[in-house]
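Take 49 as the starting number for the sequence shown in this note's numbering and just add one per residue.
Glycine residues also receive a C-beta, built at the ideal position from the N, C-alpha and C atoms.
Heads up: the structure comes next, in structure tokens.
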Amino acid sequence: MRRALVASAAVCLVLAAPASATLPVFNQGSSLGEGIPLKAYATITPTVHLFGDELTAKIAVVADTKWVDPLRIRVTTNFAPYRQTRQPSVLRLQVGRFSQVTWTWTLRCITSSCVPRVPPSDKFHVFHFQAARIEYITLNGKPAYGINASFPSVEVLSQVSPGVQGFLRKTNHVNWQMSFTPIAAPAYRVSPSLVFWLALALGGCFALAAAWFLRRWYLVIRPRQDPVRIDPGSPLERALAVLRYAHEHGDETLQRKAFERVAGELGVERADELTLVARELAWSPRTPEDEEVEEFAEQALGANEDEDET
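Below, the structure is given as structure tokens:
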């Protein structure tokens, strides 16, 4: 029983030992004191902030360059649920045997996990980050030794004031408000309106040039042709054309009408000859033969040409 109690007490002492206990002790002495090669300090500002604000986390490592190469110090952190808004910056300073390396992170959390909620209060939420691990890396890439650096806890406060909370509880209505940071008016080397109209005019010129080249190409591929004028002929010629068409297609009614039309177009001078023949053929009980129709048409055309010459 006594041995078990002694073993338990030893384990507790080991767990409660300071972080520097994992560091080697150099008996030849160290400029940092206590024979240790380096020390680490972790800070966060501000430790109380409103939801959505940025935090600045820093780890400063002070080392004795007699035992430590500052370039071989590696820092591992975990700021969950906060996220880094940019890559961390590293600042290196050296005075004599002292060398200080400072890492700086900019953090922000705008997710639901960082919204202030209960417990312990509906106005704030407390976060405890994991301790950062500072390790000294050997030439083969393996850690030789290291220490931990603990960050202070962070409290997140709601941006909703108690008055606004009371208004929301009573009205169940959100009065959204937003504001923009004023910025200087933009400056341009050339006026945007001028650039727009110049581009529009240039585009119009290109369109006109394309239309002109397209018209030239069309004229080369398909040259313009003069329209063919078709002489409709005299009324007598048109009537004779209808007569031939009706006779060829066996339309007796149209043929009789065509004979009457031809008789009307022959004129008064020919009434005792072709006009009487046309009327006789129009009202004849028999259908004229092909030879009679052709002979009549030739005589009528000849009579029309004689009349034109006169």
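- In its chain, beyond the 5 residues on either side, Thr70, Leu71, Pro72, Glu183, Tyr184 have a beta carbon closer than 8 Å to the beta carbon of Tyr193.
- Thr70: not part of any beta strand (DSSP E); DSSP gives it neither H nor E.
- Taken in chain order, the unbroken stretches of beta strand (DSSP E) that lie wholly in the stretch 64-143 and span 3 residues or more are 86-93, 96-98, 103-112, 121-124, 137-143.
- About 19 Å separates the CB atoms of Leu139 and Thr124; that is not less than 8 Å, and the two are not in contact.
- In the structure shown, the three-state DSSP call for Phe146 is strand.
- DSSP places Tyr193 within a strand segment (E or B) once states are collapsed to three.
- For Val202, the enclosing beta strand (DSSP E) begins and ends at 202-205.
- Taking a contact as a CB-CB distance under 8 Å, the pair Gln132 and Thr154 counts as one, their CB atoms being some 7 Å apart.
- Counting along the chain, Tyr236 sits inside no beta strand (DSSP E), nor does DSSP assign it H or E at all.
- Taking a 10 Å sphere around the C-beta of Ile107, we find 16 or more other C-beta atoms and assign the residue as buried.
- Listed in chain order, the alpha helix (DSSP H) elements of length 4 or more contained wholly in the stretch 279-346 are 283-296, 300-313, 324-330.
- Nearest to Phe146 by C-alpha distance, out of Ile84, Asp299, Cys157, is Ile84.
- Its chain contains Pro200, Val202 as the residues whose beta carbon lies nearer than 6 Å to that of Thr95, once the 5 sequence neighbours on both sides are disregarded; these appear in chain order.
- Inter-segment contact for the stretch 104-119 and the stretch 75-89 is present: three or more beta-carbon pairs are separated by less than 8 Å.
- Rounded to the nearest angstrom, the gap between the Cα atoms of Arg217 and Gln148 is 53 Å.
- Under the three-state reduction of DSSP output, Leu187 falls in the coil class, being neither helix nor strand.
- In its own chain, leaving out the 5 sequence neighbours on each side, no residue places its CB closer than 8 Å to the CB of Pro230.
- For Arg217, the uninterrupted alpha helix (DSSP H) segment begins and ends at 210-219.
- Inter-residue distance for Gln213 and Thr93 is about 28 Å (C-alpha atoms, whole angstroms).
- Residue state for Arg181 is assigned as strand, using DSSP reduced to three classes.
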